[in-house]
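Numbering (the numbering used here), first residue to last: 732 to 847.
The C-beta atom is built at its ideal place from N, Cα and C for all residues, glycine as well.
A short write-up of the structure that comes next.
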């Protein structure tokens, strides 16, 4: 049975690096105290100096962001569909309310007379 990979928070990494940098404890002592490899602490130190010791989104956060984008796209599509439906309903309402008789207005009086 192999070792389980431990995942350390950025805050923990910064704390360990801070302790080594400020002289609270040496590199070897910090490695023993936190049960870490000295080379790992050195990697963290190098990253901290380069400004690369930052929080990265977790797999769950990435999945949630992807789902959020998909849902926003879906909302946009539905919004457009609602707009089309409203325009179609308005157009249908105007057609129904319009006079559907072919003979309207000025020709109405002529159509009431008997045919010749």
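> Thinking just about the alpha-carbon of each residue, which of 808, 789, 794 and 807 is nearest to the one in residue 739?
Replying inline: 789
> With distances taken from CA atoms, which of 747, 801 and 797 is nearest residue 768?
Replying inline: 747
>> Just to confirm, is the Cβ distance from residue 783 to residue 772 under 8 Å?
In response: no
> Going by the CB atoms, is the gap between residue 756 and residue 764 shorter than 8 Å?
Replying inline: yes
> Is DSSP giving residue 748 helix, strand or coil here?
Replying inline: helix
> DSSP state of residue 814, grouped into three classes?
Replying inline: helix
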